[in-house]
Amino acid sequence: MPAGKLSLSPAVRVSSAAGSYALPLEAEVVRPLLAVSERDFDLGRLTPAEVDAAEASLVVSNQGNADLEFEIEPHVPWLQAEPASARLVGGASTVVRLSLSATDAQTPGIQEGQPTATVRSQGGVIPLSLRFALIRPVLAVEPAAIDFGIVPAQGVGERHLVLANRGTGPLRWAARTDAAWLEIAPSAGECAEGASSPIVVRAYGLAIPTGTDQAKGTLVFEGPHNRQAVPATVALSQPILMVAPVAELPESVDLAPTQGQVMLFNRGAGDLEATVTSKHPSVTVTRPDVLIGSGRSAAVEVIVTPEDDWGPGMRDLGGALQVDSNGGTADVDLRLLISVRTEFSLTPDRLVLSLGGEGAIIVRNLGRGTLEGAVTTSADWLQVRPRQVTVRPGRRARLEVTAMEKADSSEDGSALVTVASAGTTETVEVSITP
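Quick note: the sequence shown, position 64, residue 1071 per this note's numbering, numbers continuous.
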């Protein structure tokens, strides 16, 4: 019922047997009535600096005829009302200033409440809606820390970061570092709302202080409203070459080439880059360049081609290999066994003699080593000279064979001449003619 005078005619009718009578009613309604000039406010797009200066005006009125007490209750932390409460006589009004606080409005994007504030009084309750868009770019860098691992003393390590704008509005950013061995590229730029930018960070081994095997630094990325520190670590490569001073190679038979391995070890930190060089004309390195990780090993294939004048037995090739690396240098001796197979022939295959007659057997050395042979016969009547032969490779020796008169006529008329050397034997049958 609105406040003010109320007149009703007729308000009441009285009826009886004697007739009816209408009574008028005049009264005055006394009550407060709350009213506001506006219920919805849109302050648009505001930067944090503009938020503190932004405000809106609200006229609160008492459209009733009794005193009104009102109070404005904000439902969000960033809204203040001044005055927050007041008493209004009937027909009076007052201006309320609505202001914002950037300190309490930190989240980028639309700021609002449902409702944002409420005007409460005994003359009514009115909800208020106020909104604005906070333009606040937010810098975010990933990953939160970087480790370059092991970097060579004269090398460069590289890692990649992603700088993103997770707020609203364009982000102007800049980066710096407290370490001389770190480089950031690019070191400044602008990133659009919702976009990201790749960042390359490099670690230079030459810039790491002398005598330091590990280093730490910090990358600092700064935007207009926040900053992020990214710790960085690096270890300086210090590979250590380890190799046995003598490498044993497989046996060479008949001066045939032999192939073996020389093992290189990295007992330090960081990649070991090594080159193996032959210093002997008979030695060949098949793959001279190797890369060995920390704590690992690698085999280098080596081929030795024996020279023609190498005799059987152990052969030491002192300083045959030179190893140069970023973890030290070393000389390696090679050792191998030279062996030769015994191979020879006897001609003729069969020798026929008369009693008291003489003949010859030729011993040819077909192998690569010197032949040392023992000569025997299977019968006493068969004489051979010499009983021991020494024949150099590719040469021959002559055995003189004599058929003596038989001491016993019951003996068989044939016998064998045998030459034995290093487990190999060859025979020639010698027969007697009647």
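From the three backbone atoms N, C-alpha and C, an ideal C-beta is built for every residue, glycine too.
Contact set for residue i: own chain, Cβ-Cβ below 6 Å, skip 5 residues either direction
{"i": "S1174", "result": "Inspection of the sequence shows that residue 1174 is occupied by Gly rather than by Ser. Around G1174: P1115, R1143, P1144 and V1145."}
{"i": "D1296", "result": "T1282"}
{"i": "G1376", "result": "P1319 and V1347"}
{"i": "S1194", "result": "A1182"}
{"i": "W1085", "result": "L1107, S1108, D1111 and A1112"}
{"i": "I1215", "result": "W1188, A1222 and L1243"}
{"i": "L1137", "result": "F1048 and T1123"}
{"i": "T1354", "result": "I1369"}
{"i": "P1257", "result": "T1265 and G1267"}
{"i": "H1232", "result": "R1143"}
{"i": "E1365", "result": "T1409"}
Cα-Cα separation between residue i and residue j, rounded to whole angstroms
{"i": "V1283", "j": "E1379", "result": "41 Å"}
{"i": "G1164", "j": "T1291", "result": "35 Å"}
{"i": "G1201", "j": "A1088", "result": "34 Å"}
{"i": "G1277", "j": "G1156", "result": "9 Å"}
{"i": "G1363", "j": "I1369", "result": "20 Å"}
{"i": "L1141", "j": "A1073", "result": "42 Å"}
{"i": "A1171", "j": "G1275", "result": "39 Å"}
{"i": "R1403", "j": "V1330", "result": "46 Å"}
{"i": "P1209", "j": "E1280", "result": "Per the sequence shown, the amino acid found at residue 1209 is Arg instead of Pro. Going by the C-alpha atoms only, they are around 21 Å apart."}
{"i": "A1422", "j": "R1392", "result": "15 Å"}
{"i": "L1178", "j": "Q1118", "result": "20 Å"}
{"i": "G1267", "j": "V1311", "result": "8 Å"}
{"i": "A1091", "j": "A1061", "result": "18 Å"}
{"i": "S1361", "j": "V1398", "result": "29 Å"}
{"i": "G1224", "j": "R1234", "result": "16 Å"}
{"i": "L1344", "j": "A1239", "result": "55 Å"}
{"i": "V1359", "j": "V1396", "result": "22 Å"}
{"i": "D1316", "j": "P1252", "result": "26 Å"}
{"i": "A1042", "j": "V1036", "result": "18 Å"}
{"i": "G1374", "j": "R1405", "result": "17 Å"}
{"i": "V1237", "j": "D1154", "result": "11 Å"}
{"i": "G1196", "j": "S1304", "result": "46 Å"}
{"i": "A1056", "j": "Q1121", "result": "25 Å"}
{"i": "V1307", "j": "Q1390", "result": "57 Å"}
{"i": "R1166", "j": "T1054", "result": "34 Å"}
Buried versus exposed call for residue i [16 or more other C-beta atoms within 10 Å across all chains shown]
{"i": "V1021", "result": "exposed"}
{"i": "G1334", "result": "buried"}
{"i": "V1066", "result": "exposed"}
{"i": "T1219", "result": "exposed"}
{"i": "L1004", "result": "A query on residue 1004 cannot be resolved here, the shown segment of the chain reaching from 1008 to 1441 and no further."}
{"i": "G1130", "result": "buried"}
{"i": "V1058", "result": "buried"}
{"i": "G1212", "result": "buried"}
{"i": "A1152", "result": "exposed"}
{"i": "S1332", "result": "buried"}
{"i": "V1437", "result": "buried"}
{"i": "S1417", "result": "Bear in mind that the predicted position of S1417 carries a pLDDT of just 43, short of 50, making it too unreliable to give a figure here."}
{"i": "G1026", "result": "exposed"}
8 Å Cβ shell around residue i - same chain, five flanking residues per side excluded
{"i": "A1414", "result": "Legend: pLDDT at A1414 = 45, less than 50; position of this residue unreliable, no value from coordinates given."}
{"i": "V1169", "result": "V1148, E1149, S1203, S1204, P1205 and I1206"}
{"i": "T1431", "result": "T1349, E1350 and F1351"}
{"i": "A1263", "result": "P1313"}
{"i": "E1412", "result": "L1362, G1363 and W1388"}
{"i": "V1260", "result": "S1346, V1347 and R1348"}
Pick from the options that is closest to residue i, judged by C-alpha positions
{"i": "R1394", "options": "E1407, G1401, V1066 and P1400", "result": "E1407"}
{"i": "E1433", "options": "D1331, R1357, Q1235 and R1094", "result": "R1357"}
{"i": "G1326", "options": "L1075, A1337, D1154 and D1316", "result": "A1337"}
{"i": "G1300", "options": "A1024, S1092, T1125 and P1159", "result": "P1159"}
{"i": "P1134", "options": "N1069, S1438, H1082 and S1259", "result": "H1082"}
{"i": "A1100", "options": "N1372, Q1121 and F1077", "result": "Before going further, note that residue 1100 is Ser rather than Ala in the sequence given. Closest by alpha carbon: F1077."}
{"i": "S1451", "options": "P1238, E1197 and D1340", "result": "Here the chain covers residues 1008 to 1441 and nothing more, so residue 1451 does not appear."}
{"i": "T1217", "options": "D1315, R1166, T1409 and Q1161", "result": "Q1161"}
{"i": "S1445", "options": "L1040, G1097, V1102 and M1321", "result": "Within the shown structure, residues of the chain are numbered from 1008 to 1441, placing residue 1445 beyond reach of any answer."}
{"i": "T1409", "options": "A1025, E1308, I1439 and G1120", "result": "I1439"}
{"i": "R1052", "options": "V1096, V1237, T1265 and F1139", "result": "F1139"}
{"i": "R1046", "options": "V1132, S1289, A1199 and G1097", "result": "V1132"}
{"i": "R1322", "options": "A1025, S1289 and G1120", "result": "S1289"}
{"i": "L1040", "options": "S1027, S1023 and L1095", "result": "L1095"}
{"i": "V1309", "options": "T1054, G1366 and R1294", "result": "R1294"}
{"i": "N1069", "options": "A1056, G1097 and H1167", "result": "G1097"}
{"i": "G1176", "options": "I1191, A1192 and A1199", "result": "A1199"}
{"i": "V1435", "options": "Q1121, A1367 and V1307", "result": "A1367"}
Beta-carbon contacts of residue i that lie in its chain and below 7 Å, excluding the five residues immediately before and after
{"i": "E1255", "result": "R1342"}
{"i": "H1287", "result": "L1324 and A1327"}
{"i": "E1080", "result": "A1124, T1125 and R1127"}
{"i": "S1044", "result": "L1065 and V1066"}
{"i": "R1104", "result": "E1062, S1064 and E1089"}
{"i": "A1192", "result": "V1207"}
Neighbour flag for residue i against chain C, beta carbons, 8 Å
{"i": "Q1161", "result": "Chain labels in this structure do not include chain C; a single protein chain is all it has."}
- Inspect the CB distances between the region 1426-1433 and the region 1381-1393 and report whether three or more fall short of 8 Å. They touch, by the three-pair rule.
- Message: Three Cβ pairs or more, each shorter than 8 Å: is that satisfied between the region 1271-1283 and the region 1181-1197?
- Response: No, the region 1271-1283 does not touch the region 1181-1197.
- At a cut of 8 Å, does the region 1246-1256 reach the region 1217-1233 through at least three beta carbon pairs? Touching, no.
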